[in-house]
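Per numbering that gives the first Met the number 0, residue 0 is the first one in the sequence shown, and the count goes up by one each step.
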Amino acid sequence: MAMSTTTLFHALVPSNTYKSRAVSSSFVSVPPSSPSLQFRSLVSDTTSIYGRRKFTGNLRRVSLTVSAAAAAEPLTVLVTGAGGRTGQIVYKKLKERSDQFVARGLVRTKESKEKIGGEDEVFVGDIRDPESIAPAVQGIDALVILTSAVPKMKPGFDPSKGERPEFYFEEGAYPEQVDWIGQKNQIDAAKAAGIKQIVLVGSMGGTNINNPLNSIGNANILVWKRKAEQYLADSGIPYTIIRAGGLQDKEGGIRELIVGKDDEILETEMRTIARADVAEVCVQALQLEEAKYKALDLASKPEGTGTPTKDFKALFTQVTARF
Numbered sequence: 000m001a002m003s004t005t006t007l008f009h010a011l012v013p014s015n016t017y018k019s020r021a022v023s024s025s026f027v028s029v030p031p032s033s034p035s036l037q038f039r040s041l042v043s044d045t046t047s048i049y050g051r052r053k054f055t056g057n058l059r060r061v062s063l064t065v066s067a068a069a070a071a072e073p074l075t076v077l078v079t080g081a082g083g084r085t086g087q088i089v090y091k092k093l094k095e096r097s098d099q100f101v102a103r104g105l106v107r108t109k110e111s112k113e114k115i116g117g118e119d120e121v122f123v124g125d126i127r128d129p130e131s132i133a134p135a136v137q138g139i140d141a142l143v144i145l146t147s148a149v150p151k152m153k154p155g156f157d158p159s160k161g162e163r164p165e166f167y168f169e170e171g172a173y174p175e176q177v178d179w180i181g182q183k184n185q186i187d188a189a190k191a192a193g194i195k196q197i198v199l200v201g202s203m204g205g206t207n208i209n210n211p212l213n214s215i216g217n218a219n220i221l222v223w224k225r226k227a228e229q230y231l232a233d234s235g236i237p238y239t240i241i242r243a244g245g246l247q248d249k250e251g252g253i254r255e256l257i258v259g260k261d262d263e264i265l266e267t268e269m270r271t272i273a274r275a276d277v278a279e280v281c282v283q284a285l286q287l288e289e290a291k292y293k294a295l296d297l298a299s300k301p302e303g304t305g306t307p308t309k310d311f312k313a314l315f316t317q318v319t320a321r322f
């Protein structure tokens, strides 16, 4: 948290003076917009002018300094896709840190709103419709995008016969509509609202057109995700793009996280990550300058190997790729 110190006044204190009313001082102005201030008096022999001990010797110069401690207002953050498994965790983490964040959520249905508590700060909207999401975006400082097209399994699948499941997307809910147009709508709305930062969660694998994920429903989901990521990177808004590995419903905070670029991690055995760890990286990205204007692949070492990641500033510092 940033701190600045401003000298409020200098004073000459006679050797037998210790009450503040006896101090002759000249003031300098303090801006009315200054945040909450903490005061401490500095005397050459470290004795407070309010102390009971008398000064001896010649006049002493006293500087009363003002420490402008970080009394920054909490960031208002909108989490879209807040009804999803990862979105719920991000929303909850922001709610738990109410001294730093004011959490908002955007979900698709009233049922999803009730699932995460149904608070007034949870909005129901359709990201494919710009007017639908406008109320949720107004007045926010940052946006965390966790929306994604979700494939459905075709009925009739019988694993006992050695069959492989087939998937499809519902009409109007293809990756093109959700992962491209829907995310573009969010970025445009956020930019119009003067937002300060966007954190977008995507998937690894986008550098390979033949990635198996693109074949699901013949919908090229990674292609459309990548297009939205590029649109964000070109928007001029400070951003963090997190391309997560395979998401797991496991406890977070107990593994060493690894970052990379251009799908290099997919060539290793460390291709998965807990949703809770992705959520924590999202929250940390909202607080650290080292996370801005960066894109990263994210996975973790197996549990029990390495050292659990606690220093997120160091993690983001490893990243140099802007896209």
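Glycine is no exception: its CB is placed at the ideal position from the N, C-alpha and C atoms.
On the criterion of 16 or more Cβ atoms from any shown chain inside 10 Å, does residue i qualify as buried, or is it exposed?
i	result
residue 313	exposed
residue 296	buried
residue 219	buried
residue 198	buried
residue 174	buried
residue 269	buried
residue 63	Residue confidence for residue 63 is low, a pLDDT of 41 falling below 50, so the modelled location carries little weight; the figure read from the coordinates is stated next. Result: buried.
residue 122	buried
residue 50	Bear in mind that the predicted position of residue 50 carries a pLDDT of just 38, short of 50, making it unreliable; the figure below should be weighed with that in mind. Flag for residue 50 reads exposed.
residue 78	buried
residue 150	buried
residue 267	exposed
residue 83	buried
residue 156	exposed
residue 139	buried
residue 209	exposed
residue 52	Its pLDDT being 39, under 50, residue 52 is placed unreliably in this model, and the value from its coordinates should be taken loosely. Classification of residue 52: exposed, given that the 10 Å Cβ count is below 16.
residue 159	exposed
residue 235	exposed
residue 135	buried
residue 71	exposed
residue 303	exposed
If we call anything under 9 Å between Cβ atoms a contact, is residue i one with residue j?
i	j	result
residue 204	residue 240	no
residue 86	residue 142	no
residue 195	residue 237	yes
residue 104	residue 81	yes
residue 129	residue 187	yes
residue 246	residue 274	yes
residue 305	residue 254	yes
residue 251	residue 88	yes
residue 176	residue 227	no
residue 315	residue 290	yes
residue 279	residue 92	yes
residue 133	residue 148	no
Can you tell which of the options has the C-alpha that lies nearest to the C-alpha of residue i?
i	options	result
residue 73	82, 108, 101 and 90	101
residue 108	91, 126, 287 and 92	126
residue 76	284, 170 and 315	284
residue 137	193, 227 and 307	193
residue 301	290, 225 and 271	271
residue 360	287, 320 and 286	The displayed coordinates of the chain run from 0 to 322. Any statement about residue 360 would go beyond what the structure contains.
residue 131	95, 152 and 184	184
residue 308	213, 169 and 277	277
residue 152	159, 168 and 248	168
residue 99	225, 172, 242 and 282	282
residue 288	303, 242 and 318	318
residue 229	248, 214, 249 and 180	180
residue 96	286, 211, 248 and 222	286
residue 292	233, 221 and 224	233
Does any heavy atom of the ligand ZN sit closer than 8 Å to the C-beta of residue i?
i	result
residue 153	With respect to the ligand ZN, the structure shown offers nothing to examine, as it has no ligands at all.
Original post:
Counting pairs of Cβ atoms below 8 Å between the stretch 296-310 and the stretch 254-264, do you hit three or more?
Top reply: Between the stretch 296-310 and the stretch 254-264 there are three or more C-beta pairs closer than 8 Å, enough to call the two in contact.
Original post:
Just checking, does the stretch 158-167 make contact with the stretch 110-126 on the three C-beta pairs under 8 Å criterion?
Top reply: Between the stretch 158-167 and the stretch 110-126, the count of Cβ pairs shorter than 8 Å is below three; the stretches do not touch.
Subject >> Every unbroken alpha helix (DSSP H) inside the stretch 222-295 [4 residues or more] >> reply: Segments of the alpha helix (DSSP H) lying fully in the stretch 222-295: 274-284.
Subject >> Completely contained beta strand (DSSP E) runs for the stretch 86-140, where each covers 3 or more residues >> reply: Note on the stretch 86-140: whole beta strand (DSSP E) runs with a minimum of 3 residues are 100-106 and 121-123, in chain order.
Original post:
Taking only runs of the beta strand (DSSP E) that begin and end inside the stretch 135-193, which ones reach a length of at least 3 residues, in chain order?
Top reply: For the stretch 135-193, whole beta strand (DSSP E) runs of length 3 or above, ordered along the chain, are 141-144.
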